[in-house]
Structures are given as structure tokens and as C-alpha cells.
Amino acid sequence: MSEESTFTLDGRKVPFRDGQTIMAAALAAGVYIPHLCFNPEFPPHGSCRVCLVKVNGRMQASCTAPAMAGQVVQSETEEIREIRRGILQMLFVEGNHVCPACEKSGACQLQAVAYYVGMLAPHYTHFYPRRPVDASHPDALLDFNRCILCELCVRASRDVDGKNVFAVQGRGIKAHLVVNTPSGKLGATDFSLSDKAAQVCPTGTILSKHSGYEIPIGQRLYDRKPINVVGDVAALAVSKGGRRHD
Amino acid sequence: MIESKLKVATCSLCGCFGCHMSLLDLDERLFDLAEKIEFDRSPLTDIKELGECDIGIIEGGIANVENVHTLLEFRARCKVLIAMGACAISGGVPAMRNQYELKDCLEESYTRGTGLVDAQIPNDPEIPLLLDQVHPIHEVVKIDYFLPGCPPSADAIWTFVSQLLAGQPITLPYTQIHYD
Chain A
1 MSEESTFTLD GRKVPFRDGQ TIMAAALAAG VYIPHLCFNP EFPPHGSCRV
51 CLVKVNGRMQ ASCTAPAMAG QVVQSETEEI REIRRGILQM LFVEGNHVCP
101 ACEKSGACQL QAVAYYVGML APHYTHFYPR RPVDASHPDA LLDFNRCILC
151 ELCVRASRDV DGKNVFAVQG RGIKAHLVVN TPSGKLGATD FSLSDKAAQV
201 CPTGTILSKH SGYEIPIGQR LYDRKPINVV GDVAALAVSK GGRRHD
Chain B
247 MIESKLKVAT CSLCGCFGCH MSLLDLDERL FDLAEKIEFD RSPLTDIKEL
297 GECDIGIIEG GIANVENVHT LLEFRARCKV LIAMGACAIS GGVPAMRNQY
347 ELKDCLEESY TRGTGLVDAQ IPNDPEIPLL LDQVHPIHEV VKIDYFLPGC
397 PPSADAIWTF VSQLLAGQPI TLPYTQIHYD
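Protein sequences, first through last, are from chains A and B.
Just so it is clear: in the first sequence, position 246 is 246 by the numbering used here, and no numbers are missing.
Just so it is clear: in the second sequence, position 137 is 383 by the numbering used here, and no numbers are missing.
Here's what the structure looks like:
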């Protein structure tokens, strides 16, 4: 490979193709950069900022930053881990993430990334926002308490399923996930568990009804090994403890 | 001369005592622990008055005024204060009541429950007044260490306590960090 087509990531040479982002190149090279709103099956969103890296001394989201020859990229430094931990802590206090009472616990990307960056406590003052739970759909449950506004369900429903079931309404701290129907209820849509939108949530916002807690504690997706080894829950087949339908 | 043992106090505020049960799960390692520490106020000793302590371990968040007073007393008397478990760290399951008005919670339990006779909301002066919301303890006092888990496993408690007593930085292996 020529010198023009590589950058260094934490001292390791990573090849890339023209137009690839730092995240996409790292992923292809098997190097994990923690992320939440990024899913390789969708165009990058750049909103969660967890994939922040230092590119030639400047902080950038690796999922949107184009890879360029000779870049010096830092990811696993204590400075960046500290920033990522702070972002995770803010995400945890902004919603109601009660892991002991969540069916997604153990196979939750938000939780797994928080483990990965070494978050022991949420540090900040909890918002305890009051958000509804939508149980109107016969097969799916929507718990808005756990939404981190990654918009993966919005993108999947609009771009893959062609149903446009979800949207984000409001701005800033008032931004929140809504269902695109006059009643705002999921039960009034043609949403189905086989939709792509049902498989991409990095948290426990969208869950299937009629089953739960089937995998015992100790055997769940992220119980034994961290997310950089196991992979994203949305990328793994249901048979492997993930959410993707093959 | 016998080396003096470190004094450790523990308490459960708005928790379920699951973290204390996990502490007891140390099993025979409790003998090793007893060589190095002595329990002061704790549900395990039934000592009511908190003395000057080296280490305080708090399970549970704060849900009533008595919890707040106990927490402040622990902070004042313990050199090192530890938040143990999901409730102490984030409010945990009890904090799910923060979704509702306190009045609605009380009415749901005490006046709208099934099979109630002479239904009324308990109002005895001996019962500590509830706070309008449940909060984690770091929102009230400074916390020196956080040990997550619901509950933290006995192995996690053992790693934590061993490193703390040895004066080492706390580094838990991956399998011992859990929020549930």
C-alpha cells in the first residue's frame, strides 16, 4: 500500500479508500472506536460525539471526519476517554436509564460503551425527565425514557422500511422522539418487529413484547466480553444475542 | 502491639439490602476481612450510634428526611465515603417513582389499593417524611468512590475492598463492572 492511502490511528497504520471516514476505515481495519449514533449500514449522523478522536491535534467526530493521507489520529488516550466518559454520563442523567429494570440490560450498546470507557457513576445531577411509555402496539413497546436521540430508528424507518414511523420533535433540551401519527401512538402505525427500525436501537427504547429476560445474567451479549470484542448489538444476529434479523 | 483495625460503617438508605447481602456473599473471605477491619454502625452489628470511622459504605439513595440526616452524619464521621450499588449511584429502581407526583404514589398504594380497610395515608410522626423525589447520594454529599452493580457481586466488592485497604487505585476487571 502506498503512503498516500494510510493514516495512523494510535500509532497503527490504517489504510483507507477515497471518501471513507476515519470511522469507516478503522472499522474495516478491525480497530474499534466507541460509537452510538453511528451504524455502518447508515450514513453517519455525527450527533452523539462518542466517537470523538483527535485528528492532527484537533477534536473531531470520527464518523464524519474524512480520512486523509498522513493524518495522525488519537483515540485511546486518557484525555479522550475522559471526554467520552463525560458524554456518556450526560446521556445517562438526561434520560431515565434504570439498568436493573431494563430488559435490554446486558445487550445494550449504551451500557456497553459506558463499560468500555470506564464509567462507574453518572457524576452529574439527574434530570429525571418525565417521559411516557407507549404500549399501544400489539408487538412492540416504546420506552421514551431510554431514548438518546441517535435517530437510527428515524433513519431506518424512513430510508430502509419506507414507513417514516419515527421523528424527532423540538429543539435543544426539548428534542424528543415522537411517532408520526395524529395520536402519536405506535399502535396507529404499520410498524412491525421485522422492520429495520426495530433492530437498530442502541438502547432499550424499542423492545419486543411477549418475551423478555430470556438470556440469564452472566450469558448476555456484553456480560463476559467488552463491546470492542463482541461488536454492536444491532450488527449481530438474533441467534447470537443481537437484534439483527437474517 | 496489635495493629489497630480500620473502622468501617455501613448503612442501607433507600435500598433493598441486596448490596449488604452481596457483602455477606464474601463468605469465607469475611474472615480475611475481619483481620483488617472492625465494623462500627452497620446492619450487621446493630450498633445504633455512628462513631468516627475510616470508611463508610452507603447502599441506597435518599428518599426521606431520615436518609438525608444519616447520609450527612456518615459524611461527617467517615474519612472515605463509598456509594455502593445502583440506588446509591443513580437512585435506582426507587427513583422510578420520580415519574409521578408523590401524592399519586401514596394514593395508589394506600387509598386505591385493593382489599384496604379504613384506607388512609400513614401519618405517624415516627415515620420519616418522604422527599418529593428519590436522588442518588452524590447529589447531597461528596462521594470518594463508586462501586456500581445491582448489587455489585461479592467478587467486585472483594476486589474493591482489597485494593482500597491496600492503598491501591481501584481497577475492576471488565466482568466486575455492571450497572445491573
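Virtual Cβ for every residue (Gly too), placed ideally from N, Cα, C.
For residue i, the residue or residues it bridges with in DSSP
i             : result
residue 108/A : BP columns for residue 108/A are empty, so no partner.
residue 148/A : Residue 148/A pairs with nothing; no bridge assigned.
residue 346/B : Answer is none; residue 346/B lacks a bridge partner.
residue 391/B : 328/B
residue 20/A  : DSSP lists no partner for residue 20/A.
residue 376/B : 310/B
residue 206/A : 142/A
residue 134/A : 142/A
residue 177/A : 168/A
residue 381/B : 308/B
residue 237/A : 244/A
residue 299/B : 324/B
residue 74/A  : 54/A
residue 9/A   : 12/A, 73/A
For residue i, three-class secondary structure by DSSP
i             : result
residue 321/B : helix
residue 351/B : helix
residue 412/B : coil
residue 86/A  : helix
residue 171/A : coil
residue 60/A  : strand
residue 14/A  : strand
residue 221/A : coil
residue 255/B : strand
residue 363/B : coil
residue 261/B : coil
residue 66/A  : strand
residue 94/A  : helix
residue 283/B : strand
residue 28/A  : helix
residue 119/A : coil
residue 190/A : coil
residue 340/B : helix
residue 199/A : coil
Rounded separation between residue i and residue j - CA only
i             : j             : result
residue 405/B : residue 293/B : 26 Å
residue 247/B : residue 277/B : Summary for residue 247/B: the model assigns pLDDT 49, below 50, so the residue's position carries little reliability; its value from the coordinates is reported in the next sentence. Each residue's Cα considered, the two are about 21 Å apart.
residue 306/B : residue 129/A : 21 Å
residue 97/A  : residue 250/B : 42 Å
residue 119/A : residue 332/B : 13 Å
residue 223/A : residue 421/B : 6 Å
residue 288/B : residue 258/B : 9 Å
residue 6/A   : residue 17/A  : 9 Å
residue 71/A  : residue 148/A : 31 Å
residue 109/A : residue 202/A : 5 Å
residue 284/B : residue 107/A : 39 Å
residue 373/B : residue 366/B : 14 Å
residue 296/B : residue 56/A  : 55 Å
residue 192/A : residue 80/A  : 39 Å
residue 275/B : residue 99/A  : 29 Å
residue 290/B : residue 408/B : 20 Å
residue 338/B : residue 313/B : 15 Å
residue 154/A : residue 87/A  : 22 Å
residue 416/B : residue 173/A : 35 Å
Residue i classed as buried or exposed, judged by whether at least 16 other C-beta atoms fall within 10 angstroms
i             : result
residue 238/A : exposed
residue 39/A  : buried
residue 179/A : buried
residue 369/B : exposed
residue 253/B : buried
residue 210/A : exposed
residue 49/A  : buried
residue 414/B : exposed
residue 151/A : buried
residue 256/B : buried
residue 145/A : buried
residue 169/A : exposed
residue 219/A : exposed
residue 104/A : buried
residue 13/A  : exposed
residue 194/A : exposed
residue 325/B : exposed
residue 196/A : buried
residue 61/A  : buried
Residue i beta carbon near the ligand ZN (any heavy atom closer than 6 Å)
i             : result
residue 259/B : Looking for the ligand ZN in the displayed structure turns up nothing, as the structure carries no ligands at all.
Between the region 152-161 of chain A and the region 211-227 of chain A, do at least 3 Cβ pairs fall closer than 8 Å? Too few Cβ pairs lie closer than 8 Å, so no.
Okay, do the region 353-363 of chain B and the region 217-234 of chain A touch, 3+ Cβ pairs below 8 Å being the bar? They do not touch, by the three-pair rule.
Touch check for the region 18-31 of chain A and the region 134-142 of chain A: three-plus C-beta pairs under 8 Å? no
Report yes or no: do the region 90-104 of chain A and the region 60-68 of chain A share at least 3 C-beta pairs separated by less than 8 Å? no
Give a yes or no on contact between the region 311-320 of chain B and the region 340-351 of chain B, applying the rule of three or more CB pairs nearer than 8 Å. The region 311-320 of chain B vs the region 340-351 of chain B: no contact.
Indicate whether the contact test is met: 3 or more Cβ pairs, each with one atom in the region 179-194 of chain A and one in the region 137-149 of chain A, closer than 8 Å. Segments in contact, yes.
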